[in-house]
Structures are given as structure tokens and as C-alpha cells.
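Okay, structure first, notes after.
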Amino acid sequence: MKEKIHPTYVAAQVSCVCGAVFVTRSTIGNIKLEICSECHPFFTGRQKMIDTAGRIDRFNQRFQRSKDIRASKQNS
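First residue of the sequence shown: 93, per the working numbering; consecutive thereafter.
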């Protein structure tokens, strides 16, 4: 293998929004997750509400703006 062409492989701290923290190795320094095995419904066996409303609201706003633009072009 050629020397000095590979990224450095360092210990990386992975932290989740639920508060779980563990250490692994990666070429990236610190990693932040929204869902990990400590809080994912598949692993825990309990349902958890995941906040997707922000994405849906943002999509609906963009969709409404495109409707408004089309309506203003037709009225002009």
C-alpha cells in the first residue's frame, strides 16, 4: 500500500440526542446521531414519536408557495 494517502483512523465519540454516548473508531472525529440502538423502537420494543413535522411543514410551505406563484401568473 502507498504511504501517506489514507485518512487517519482515530477514536471517535458517537453521541445521540437521547444522551447515549459510545466510542468507536472512524476517520471522522465526533459523530452526532438522532437515533441510536439505545432509543430506536426496533431495539427497545416500545414506540417513540419521531419529530417529522418540521419536514412536512417545510414541504407544505414550499408547495403552497408554488401554488401562489402559479395563481399570480395566471391572474397577470
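For every residue, glycine included, the Cβ atom is placed at its ideal position computed from N, Cα and C.
Just to confirm before moving on: does the CB-CB distance between residue i and residue j stay below 9 Å?
i	j	result
E126	V109	yes
Reducing DSSP to helix, strand and coil, say where residue i ends up.
i	result
R116	What sits at residue 116 in the sequence shown is Thr, not Arg. Looking at T116 - three-state DSSP - the assignment turns out to be strand.
I123	strand
S164	helix
S129	coil
Counting only the same chain and skipping the five closest in sequence on each side, list residues whose C-beta sits under 6 Å from that of residue i.
i	result
F135	S129
So, for residue i: in the same chain, excluding its five sequence neighbours on each side, which residues have a beta-carbon less than 7 Å away from its beta-carbon?
i	result
A103	V115, R117
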